[in-house]
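Per the working numbering, the sequence shown starts with residue 1, numbered consecutively.
Report on the structure given below.
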Amino acid sequence: MTEPTRHSGQPIELPLDPWLYDCLPMHGCEVCRVLARQRNTALANGDTWAAYRAASEIREHRNHSAEAAPDSMSSQDQP
Ligand SMILES: [Zn+2]
1 MTEPTRHSGQ
11 PIELPLDPWL
21 YDCLPMHGCE
31 VCRVLARQRN
41 TALANGDTWA
51 AYRAASEIRE
61 HRNHSAEAAP
71 DSMSSQDQP
């Protein structure tokens, strides 16, 4: 029999699961890059919903633009 471990008094940091913010911006895609910046900025500001929406848009982005020159995109920020 397993009892669920309860952490009383532990503050809930995020209302959403971390994976909801996870995304894989296509390298060189201007749209993904902008959305990734929006997500990181939103996370930094604690705006979790904006971060979720930005990450969701990145995941749903299909037509990645190949125009953008390949630049050294900074590594993703780990939450
Ligand atoms: Zn894209």
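Ideal Cβ positions, reconstructed from N, Cα and C, are used throughout, including at glycine.
Bear in mind that the values here come from a model prediction, so they are computed numbers and not experimental data.
Query                                                                                 : Result
Residue span of the alpha helix (DSSP H) that contains Cys32, given as start and end  : 30-45
Heavy atom of ligand 1 within 7 Å of Val34 beta-carbon                                : no
Gly28 versus Ile58: straight-line alpha-carbon distance, rounded                      : 13 Å
Beta-carbon gap between Cys32 and Ala55 smaller than 8 Å                              : no
Closer than 7 Å: Asn61 CB and nearest ligand 1 heavy atom                             : The sequence given here has His at residue 61, not Asn. It does: the Cβ of His61 is within 7 Å (strictly closer) of some heavy atom of ligand 1.
Boundaries of the alpha helix (DSSP H) in which Tyr52 is found, first to last residue : 48-60
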